[in-house]
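Take 210 as the starting number for the sequence shown in my numbering and just add one per residue.
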Amino acid sequence: MENAEDFEAAAVELAKYIVDYFHNIRSRKVLPVCAPGFLRIMITDKAPEYAHPWKDVFDDIERVIMSGICHWQHPRFASFFPSRTSYAAILGGMFSNALATDVISWKSFPVATELEVIVLDWLAKALKLPKFFLSTSEGDGGGVIQNSSTECMLLSLFAARTASIKKIKTENNEMEDAIAVTKLIAYKSEETHASFAKACKIVLVKCRNIKMDDKRSMRGDNLKKAIEEDRAKGRVPFYVCSTLGTTSLCAFDNINELGAVCKDEGLWLHIDAAYAGNAFICPEYRYLMNGVEYADSICVSPHKWLQVPTGCSVLWLKNSNKLVNSLPEPGEYLQCTEEDSEMPNFTKWQIPCGRPFISLKLWFVFRLFGIRELQKIIRKDIKLAQIFRDLIEKDGRFELIGENLMSLVCFRLKGNNEINEELIQSLTLTREIHIGCSKIDDNVFLRFVVHAYQATSEDIQYSYKLIKKLADQVLFSKPHPRSEISSKCFKCIII
210 MENAEDFEAA AVELAKYIVD YFHNIRSRKV LPVCAPGFLR IMITDKAPEY AHPWKDVFDD
270 IERVIMSGIC HWQHPRFASF FPSRTSYAAI LGGMFSNALA TDVISWKSFP VATELEVIVL
330 DWLAKALKLP KFFLSTSEGD GGGVIQNSST ECMLLSLFAA RTASIKKIKT ENNEMEDAIA
390 VTKLIAYKSE ETHASFAKAC KIVLVKCRNI KMDDKRSMRG DNLKKAIEED RAKGRVPFYV
450 CSTLGTTSLC AFDNINELGA VCKDEGLWLH IDAAYAGNAF ICPEYRYLMN GVEYADSICV
510 SPHKWLQVPT GCSVLWLKNS NKLVNSLPEP GEYLQCTEED SEMPNFTKWQ IPCGRPFISL
570 KLWFVFRLFG IRELQKIIRK DIKLAQIFRD LIEKDGRFEL IGENLMSLVC FRLKGNNEIN
630 EELIQSLTLT REIHIGCSKI DDNVFLRFVV HAYQATSEDI QYSYKLIKKL ADQVLFSKPH
690 PRSEISSKCF KCIII
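What follows is the structure, encoded as structure tokens:
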């Protein structure tokens, strides 16, 4: 399709389909009916030799693509932390795709670099992050968009590792890198995202769990004790991965205490605030990040709660030079020129060479929503979660797990794991709702997240009534509702 008129007509038709999809999404089941390999019987095993007409492609959106979709924007999708989008971000993505650029330096696409610097300063100011994270600060602070919070962890960990190896070599007669790295140890808690353990494996450093308190929070005294123990064994503590809003329970580490220890002991403090950090756009939740001034780096993912699609995680660094200097110089064909030396070269802030124009989506969202509207969205979601929490709390058969401070409510049926697992399976088989689960101290519990932008109090009531109905069946051994999903399909709809 290279004809401009055909493109315009197709774009209009697809835009109408998208609007209709969001408008009527409640008429769809949350989960699909499919088993692994379902798509191979629906499409050919070879790419078409000749172009298909747009009508055939458009018809296959519903027939093929929608047949295997778990509807993440459905008001009763409640399994994971939000993965949002919006008309504003869709427009930004459409224009970015039309420009078809690969941002490899300021000169390759000046507006992309400069817009990213500006909108990340906007976001840092909206969250009230310390001024040293701003590009306009007197130091070397600044932010950069990465694809995920995992990459933010990995890059900050690598920067800290490089600086620590350099220090070890200086203090030990230029010890070999391969020997120096074996001495390093990083710290996390059991609640830290699993991707941090992956990051440690990639950069070849050990990591150790720090004991948490009864609120699943990592505390300073336990960290200090671990550091002393490891130093006594000849290890070199160098990095702490703290979390504001853990994945399982949305617990908050005590940043004030951890930060004070890191400052005294000379450790890099990273804060993973991928989900909950977005809520700091609202002043009433900023107390949860007390101590953020101790951080060397922090990650917040706008794609989780600020109406931007997946692929927009922001890493702010107190000293960006520590990251830039830890990575190899790009090839001669990518070296900065005199013209762009005053602007950051984001190729040096990341693993890939090029990058898409992601900041355009964030710019569209800021412009077309504004801070006040984004605050309303956060507050609405937390209020809806509170409604659900109250319903669960009043139902004596359930018990709440954790503090439930954001848009996540964790709960379980009182009793053994078997009945909770049965409840989760029963809910999934209805395809009317998708609720996640996790386990702490060998206790299985359910995770209900207010996920969708369109969610209302009516959706919360509907979800609770369905949970209540199926809990009755589980507890009183009534027959479960018949489902068109076979046992073979069950695993494929558990994401």
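By construction, the Cβ of each residue, glycine as well, lies at the ideal position given by its N, Cα and C atoms.
The C-beta distance from Ser-506 to Leu-526 rounds to 5 Å, short enough to fall under 8 Å. Contact check for Ser-647 and Ser-457: beta-carbon distance about 4 Å, within the 8 Å limit, so the pair qualifies.
The beta carbons of Asn-528 and Asp-349 sit closer together than 8 Å.
Using a Cβ distance threshold of 8 Å, Cys-508 and Ala-483 count as a contacting pair.
By the Cβ rule, the stretch 316 to 327 does not count as touching the stretch 577 to 592, because fewer than three pairs are nearer than 8 Å. Just measuring C-alpha positions, the residue of Lys-677, Ala-219, Gly-605, Gly-579 sitting nearest Leu-332 is Gly-579. Apart from sequence neighbours up to five positions away, the residues of its chain that approach Lys-424 with a beta-carbon distance below 7 Å are Ala-460, Glu-612, ordered along the chain. An exposed status is given to Leu-413, since fewer than 16 other beta-carbon atoms sit within 10 Å of its beta-carbon. Between the stretch 671 to 681 and the stretch 620 to 639, the count of Cβ pairs shorter than 8 Å is three or higher; the stretches touch.
Around the Cβ of Phe-607, a 10 Å sphere holds 16 or more other Cβ atoms; the residue is buried.
In this structure, the alpha-carbon of Glu-602 lies about 27 Å from that of Met-498.
Between His-643 and Phe-286, the gap from beta carbon to beta carbon is short of 8 Å. Lys-531 sits close to Ala-368, with the two beta carbons spaced by under 8 Å. If you draw a 10 Å sphere on the C-beta of Glu-217, you find fewer than 16 other C-beta atoms in it, and that means exposed. Residue environment for Cys-562: exposed (fewer than 16 other C-beta atoms within 10 angstroms of its C-beta). Look at the stretch 588 to 673 and you find these whole runs of beta strand (DSSP E), each 3 residues long or longer: 607 to 610, 617 to 622, 643 to 649, 652 to 658. Runs of alpha helix (DSSP H) with 4 or more residues, each lying fully within the stretch 220 to 302, are found at 263 to 269, listed in chain order. Under the three-state reduction of DSSP, Lys-434 is assigned to helix. Each of Trp-558, Glu-466, Leu-336 was checked against the Cα of Gly-500, and the nearest Cα belongs to Glu-466. Taking C-beta atoms as the reference points, Leu-609 and Phe-620 count as a pair closer than 8 Å.
As computed with DSSP, Ala-335 is found in no beta bridge at all. Per DSSP, Ala-395 is one residue of the beta strand (DSSP E) stretching across 393 to 397.
Check the Cα spacing between Ile-628 and each of Arg-581, Gln-663, Phe-685, Gln-670: the tightest is with Phe-685. Per DSSP, the unbroken beta strand (DSSP E) holding Trp-525 starts and ends at 522 to 526. Minimum Cα-Cα distance from Trp-263 among the listed residues His-479, Asn-233, Met-362, Asp-215 corresponds to Asp-215. Nearest Cα to Phe-267 within the set Arg-564, Ile-227, Ala-389, Tyr-296: Ile-227. Phe-489 and Leu-308 do not touch by the CB rule: their CB atoms are close to 32 Å apart, not below 8 Å. Contact check for Lys-397 and Asn-382: beta-carbon distance about 32 Å, past the 8 Å limit, so the pair fails to qualify.
CA-CA distance, Pro-339 to Ser-365, rounds to 18 Å.
Where Gly-351 is concerned, the enclosing beta strand (DSSP E) starts and stops at 351 to 355.
Taken atom to atom, the span from the alpha-carbon of Gly-246 to that of Arg-272 is near 16 Å.
For Ser-426, the secondary structure class from DSSP, reduced to helix, strand or coil, is coil. Residues Arg-285, Ile-642 of the same chain have their beta carbon placed closer than 6 Å to that of Ser-672, with the five preceding and five following residues left out of the count. Burial check for Glu-211: the Cβ neighbour count within 10 Å stays below 16, so the residue is exposed. For Leu-478, the enclosing beta strand (DSSP E) stretches over residues 477 to 481. Of the other Cβ atoms in all chains shown, 16 or more fall within 10 Å of the Cβ of Phe-447; this residue is therefore buried.
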